[in-house]
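Participant: Have a look at this one.
Protein chains in written order, with this note's numbering: chain A, 1 to 502; chain B, 503 to 652.
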């Protein structure tokens, strides 16, 4: 069947930031939806945001309250949210209490009452909060499924988009005939993970359009509900074509080791133990980008932005001015119960705000620690999605990761994430001639050839400085305890400027 | 707990409005009862009869502490007010405190009810609700931002 002549389903804004993308662009008009979840999971708030986003005096929203939370108390609390506009009441949003009908009559009478009000008001949106309480009506002449079927049929005919709100536990999802009636089923979860609360949303079903599958994190703040799509708001974004441009670190020797610099759009991992200069290298990378007119973002988890900028200043790198000029943003992300998706949205917002081309995540260990325990189990998977999404829009990412120094192994990271990265630069200590020195090696570059050299470097007041040529007179450098091989092509250096002796 | 002056003034304005209506249409129903009934209808729709009845009972209890003239009144199961219409038909709400005792009792009762709405819903939302029932009455004082946190 050709698309010509097919019905077009309008998509209504959900009023919940991030949710439109999850549901595939908006909620289908005239759909009959159920919002299910445990008490306190945010069902009413979600419905309110939809109502406030869509109701008008011409096509109002009817909000039927049944048993449960009193309308006065509900409005008292809900108006604390920023989306709540009292001016919309009662012309555009009308609250109607059905408690008396529910208590004194049966479901047939409830349906009759709703029908009467709908015919009178011609609403665009109808909410019944909570329809589950009606199950308790004694001696009802109609079972709940029949009630919902008739209600769904009536409201669809009257061109109303509908939400039924109900308290349901997880195990009630299966084999529940009521859910078969619904066009959309929104399941809200709130679980305690050690000391943290994790809120997640799932679109269990949504007829007529493709929603983003899986569990999506959401947060409820004074702004109301905000959902964080697993696709990070990048659905529909065209992936940037592979770039052949190379980005400089501002360290010519390192750029040379990388075959001319990091390929634009790559994900670079800088791995090393504490004190090897990972953050210094990351700072030089971002500072060089700014020097070349490429705005950058630094996401820090282990120190405050001010401290980060001051440390850069001690290396002669000015991060204050570009921050004032809108060329650099240093994000400090340490709220409680942080999810990867929220972090991603903060980073993406910053990337889009300043048009960032370079991103530093310093460090992955700090990032993981900032997450709610419940999200740490998904860290690798989330990291994969994050890197894929950001590099897909042309951002070059440099992540630092601390590795435990071992003199028997040469690990790249403790997260087994090296496969997620395009390029790996490994920093490590070596014991040479009674000194603990530092060496650097490019382990991998997915986009091309790179030097195989192992180079010694120092951290000076100018940042990372690579010394001399490659180390040729030692065997087993990457073990950290090299053996002098006696083969050398280097000249002896003065003793106050430590170099590998010939 | 005294009634804020602006709430009292709002109650007085609503009563004057209904007093004028009484003169032209239903003189047998007191202005206080007319205001109360309109509130019962509009609030009962969105808060439920039980919700309105609990608010009205509280307002009456508070009012009785201030005005013994309210001591004979009671709120029925369906939220109606008994005991007022029989003693008050027309009052002079234009007078200040200490004027017509029946008018004063009406002002106190309605002001207490409005005061509870301000406490629970805030002034802005209360004003929005009242504006539908009394579109001609000036409610500007109720639109202040502080009403959200009242």
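All C-beta atoms in this analysis are idealised placements derived from N, C-alpha and C, irrespective of residue type, glycine included.
Everything numeric in this text was worked out from a predicted model, so none of it was measured.
Find out if the Cβ-Cβ distance for the pair residue 512/A, residue 212/A is shorter than 8 Å.
Facilitator: Examination of residue 512/A is not possible in this model, given that chain A is present from 1 through 502 alone.
Participant: Return the residue from the list 272/A, 285/A and 397/A that minimises the CA-CA distance to residue 255/A.
Facilitator: The residue among 272/A, 285/A and 397/A with its C-alpha nearest the C-alpha of residue 255/A is 285/A.
Participant: Would you decide whether residue 352/A is buried or exposed? Buried here means 16 or more other CB atoms lie within 10 Å of its CB.
Facilitator: exposed
Participant: Counting Cβ pairs closer than 8 Å, one from the segment 114 to 127 of chain A and one from the segment 154 to 174 of chain A, do we hit at least three?
Facilitator: yes
Participant: To which residues of the same chain is residue 99/A closer than 8 Å at the C-beta, ignoring the five residues directly before and after it?
Facilitator: Setting aside the 5 residues that flank it on each side, residue 99/A is surrounded in the same chain by 65, 66 and 67, each with a C-beta closer than 8 Å to its C-beta; the list follows chain order.
Participant: If you drop the 5 nearest sequence neighbours on each side, which residues of the same chain put their C-beta closer than 6 Å to that of residue 459/A?
Facilitator: 277 and 280.
Participant: For residue 436/A, count neighbouring Cβ atoms within 10 angstroms of its own Cβ and tell me buried if that reaches 16, exposed if not.
Facilitator: exposed
Participant: Compute the Euclidean distance between the alpha carbons of residue 246/A and residue 23/A, then round it to the nearest angstrom.
Facilitator: 38 Å
Participant: Using 8 Å as the limit for Cβ to Cβ distance, is residue 609/B near chain A?
Facilitator: no
Participant: I'd like to know whether the C-beta of residue 627/B is nearer than 8 Å to at least one C-beta of chain A.
Facilitator: It does; some Cβ of chain A falls within 8 Å.
Participant: Name, going along the chain, the residues of the segment 546 to 557 of chain B whose beta-carbon falls closer than 7 Å to a beta-carbon of chain A.
Facilitator: 547, 548, 549, 550, 551, 552 and 553
Participant: With residue 221/A and residue 372/A assumed to form a contact (beta carbons below 8 Å), what rounded beta-carbon distance in angstroms separates them?
Facilitator: About 15 Å separates the two Cβ atoms, so there is no contact after all.
Participant: Could you check which residue in 317/A, 451/A, 267/A and 363/A has the C-alpha nearest to that of residue 508/A?
Facilitator: Shown here, chain A extends from 1 to 502; a query on residue 508/A therefore has no answer.
Participant: Is any non-hydrogen atom of the ligand COA found closer than 7 Å to the C-beta of residue 542/B, if you look at the structure I gave you?
Facilitator: Of the ligands one can find in the structure shown there are none, so the ligand COA has no counterpart to examine.
Participant: Evaluate the contact criterion for the segment 559 to 570 of chain B versus the segment 87 to 97 of chain A: three or more CB pairs, one atom per stretch, below 8 Å.
Facilitator: no
Participant: By how many angstroms is the C-alpha of residue 367/A removed from the C-alpha of residue 382/A?
Facilitator: 11 Å
Participant: Below 7 Å between beta carbons is the criterion; list the residues of the segment 72 to 87 of chain A that meet it against any residue of chain B, in chain order.
Facilitator: The residues in question are 72, 75, 76, 79, 86 and 87.
Participant: Who are the neighbours of residue 100/A on chain B, taking C-beta pairs under 8 Å?
Facilitator: 550, 551 and 552
Participant: Alpha carbons only, please: which of 448/A, 226/A and 10/A is nearest the one belonging to residue 342/A?
Facilitator: 226/A
Participant: Around the Cβ of residue 7/A, are there at least 16 other Cβ atoms within 10 angstroms (buried) or fewer (exposed)?
Facilitator: exposed
Participant: Taking the DSSP output, what are the residues bridged to residue 484/A?
Facilitator: 474/A
Participant: Around the C-beta of residue 54/A, are 16 or more other C-beta atoms found within 10 angstroms, so that it is buried, or is it exposed?
Facilitator: buried
Participant: Rounded to whole angstroms, how far is the Cβ of residue 549/B from the Cβ of residue 536/B, which I believe are closer than 8 Å?
Facilitator: Not really, about 20 Å apart at Cβ, beyond 8 Å.
Participant: Could you tell me which of 569/B, 553/B and 547/B sits nearest to residue 603/B, measuring between CA atoms?
Facilitator: With distances taken between CA atoms, residue 603/B lies nearest to 569/B out of 569/B, 553/B and 547/B.
Participant: Just checking my contact of residue 612/B with residue 534/B at CB under 8 Å: how many whole Å lie between their CB atoms?
Facilitator: 7 Å
Participant: Between which two residues does the alpha helix (DSSP H) holding residue 540/B run?
Facilitator: 533 to 549
Participant: What are the boundary residues of the beta strand (DSSP E) that includes residue 463/A?
Facilitator: 463 to 467
Participant: Less than 8 Å between CB atoms is the rule here; does residue 631/B satisfy it with respect to chain A?
Facilitator: yes
Participant: Restricting to Cα atoms, I'd like to know which of 270/A, 360/A and 101/A is closest to residue 288/A.
Facilitator: Taking only the C-alpha atoms, the option nearest residue 288/A is 360/A.
Participant: Buried or exposed for residue 86/A, going by 16 or more other Cβ atoms inside 10 Å?
Facilitator: That one is buried.
Participant: Going along chain A in order, which residues have a C-beta closer than 9 Å to the C-beta of residue 622/B?
Facilitator: 72, 73, 75 and 76
Participant: Tell me the DSSP bridge mates of residue 323/A?
Facilitator: Residue 323/A pairs with nothing; no bridge assigned.
Participant: What number of angstroms, rounded off, separates the C-alpha of residue 452/A from the C-alpha of residue 423/A?
Facilitator: 13 Å
Participant: Of the residues 315/A, 455/A, 469/A and 175/A, which one's Cα is nearest the Cα of residue 504/A?
Facilitator: What the structure shows of chain A is the stretch from 1 to 502, and residue 504/A is not part of that stretch, so it cannot be assessed.
Participant: Looking at residue 357/A and residue 295/A, is the spacing between their C-beta atoms short of 8 Å?
Facilitator: Residue 295/A is a Cβ neighbour of residue 357/A, given a cutoff of 8 Å.
Participant: Which whole-angstrom value is the C-beta distance of residue 181/A and residue 148/A, which I expect to be below 8 Å?
Facilitator: Indeed, because the Cβ distance is near 5 Å, the residues count as touching under 8 Å.
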